[in-house]
Each structure stands twice: as C-alpha cells, then as structure tokens.
Amino acid sequence: MMRLGLLLPVAVITLDQVSKILVLHIMEPYEIVHWTTFLNWVLVFNTGVSFGLFAGEAVLLRWLLVSLAVAVSIWLSVWLYREKRPLCFCAVGLILGGALGNALDRVLRHAVVDFIDFHLANWHWPAFNLADTAITIGVGLYIFASLRDHYGNSKLECK
807 MMRLGLLLPV AVITLDQVSK ILVLHIMEPY EIVHWTTFLN WVLVFNTGVS FGLFAGEAVL
867 LRWLLVSLAV AVSIWLSVWL YREKRPLCFC AVGLILGGAL GNALDRVLRH AVVDFIDFHL
927 ANWHWPAFNL ADTAITIGVG LYIFASLRDH YGNSKLECK
C-alpha cells in the first residue's frame with residue numbers, strides 16, 4: 807500500500823504539471839478555447855487563494871501560501887504513512903498530490919495556473935486545474951468514507 811501512497815501523489819503532480827505546461831504552450835493568457843456548451847479552457851494565473859481571493863497581494867502572501875502548503879503536505883504525508891484503509895489512503899494521496907502540484911506552481915510560476923472553465927450560460931465557476939480536481943475528489947472520497955464509517959461497517963471506512 808505504501809507504493810500506492812507514493813505513486814498517487816506523484817501521478818497527480820505529473821498529470822497536473824504536464825497539463826499546465828501544455829496549456830502554457832498552446833494558449834495565450836485569457837484566451838478562450840470552447841470545448842462544449844458547458845466547458846471551456848481559459849488560461850489564467852491565480853496569485854490568490856481559492857477562487858482567486860486575495861489575488862494581487864504582496865509577494866509575502868505567495869511565500870506564506872507555499873509555506874502553508876509545505877506544512878500541510880508534511881502533515882498529509884504522515885497521515886498517508888499511518889493510513890491503513892484503502893479508500894482513505896487514496897483520498898489522502900489525491901489531496902497531497904493536488905496540494906503539492908499547486909505549491910509547485912507558486913514556486914516555479916509565482917501563481918497557480920488555472921485553465922478549466924465550467925459554465926452554465928453566462929454563469930462561470932472560477933477556473934481551476936487538475937490539482938484542484940484531485941483535492942476535491944480526495945476530500946469527497948474522504949467524506950464518503952467517513953459517512954460510511956459513521957453509518958455502516960466496512961473495511962473501506964475512515965475514522
């Protein structure tokens with residue numbers, strides 16, 4: 807199980823960074839590529855936190871966020887090492903990979919590269935990336951497993 811614990815975050819970081827490199831090479835900032843009636847690609851640089859909050863703040867915020875991501879990643883790594891339940895193990899691995907993928911962006915590019923744009927008519931969800939997706943799926947898996955633990959009895963549960 808430890809191999810999966812190392813493989814999953816590395817796979818998330820790799821897919822996240824490769825997707826961002828491709829987008830950076832084929833798109834201009836704020837260029838929109840329409841894929842479907844509800845999905846676009848748009849290259850944006852998020853210097854803030856979730857949903858672009860605090861964007862444009864000082865360089866100090868960037869390093870504060872990187873430091874926070876590293877601290878959380880260390881905590882998640884310890885959690886991953888101790889976790890024995892497969893579903894929870896995968897959930898924490900996804901969260902760790904996503905956190906490190908976005909932290910790597912902040913160090914290398916001074917901003918997180920976001921490019922996935924879901925929308926319904928003129929309402930757009932804030933742009934995001936594969937690291938954000940991994941974090942969201944990981945949190946969802948962990949919540950699901952925790953609810954199963956609370957309401958049922960399965961070896962896939964988290965406590």
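In terms of the numbering used here, the sequence shown is residues 807 to 965.
Just so you know, even glycine gets a beta-carbon here, dropped at the ideal spot from N, CA and C.
{"Item": "Inter-stretch contact at 8 angstroms, needing at least 3 Cβ pairs: the region 928–944 / the region 875–886", "Value": "no"}
{"Item": "Three-pair Cβ contact test at 8 angstroms for the region 890–901 versus the region 942–962", "Value": "yes"}
{"Item": "Boundaries of the alpha helix (DSSP H) in which His956 is found, first to last residue", "Value": "936–957"}
{"Item": "Same chain, Cβ closer than 7 angstroms to Glu889, neighbours up to 5 away in sequence not counted", "Value": "Phe895, Val898"}
{"Item": "DSSP beta-bridge partners of Ile838", "Value": "Val848"}
{"Item": "Same chain, Cβ closer than 8 angstroms to Arg817, neighbours up to 5 away in sequence not counted", "Value": "Arg is not the amino acid found at residue 817; the sequence shown has Ala there. Closer than 8 angstroms at Cβ, skipping near neighbours: Gly903."}
{"Item": "Proximal residues to Ile827 (C-beta, below 6 angstroms), its chain only, five neighbours per side dropped", "Value": "none"}
{"Item": "Complete runs of the alpha helix (DSSP H) confined to the region 873–932 [at least 4 residues]", "Value": "892–915"}
{"Item": "Whole-angstrom distance between Leu914 and Ser879, CA atom to CA atom", "Value": "17 angstroms"}
{"Item": "Three-state secondary structure (DSSP) of Thr820", "Value": "helix"}
{"Item": "Beta-carbon proximity of Asp911 to Ala917, cut-off 9 angstroms", "Value": "yes"}
{"Item": "Contact check, Ile819 vs Gly907, beta carbons under 9 angstroms", "Value": "yes"}
{"Item": "Inter-residue spacing [alpha-carbon to alpha-carbon] between Ala927 and Val850", "Value": "20 angstroms"}
{"Item": "Minimum C-alpha distance to Ala937 - residue among Leu821, Val872, Val839", "Value": "Leu821"}
{"Item": "Option nearest Gly946 by Cα separation, candidates Trp929, Gly958, Ile838, Ile901", "Value": "Ile901"}
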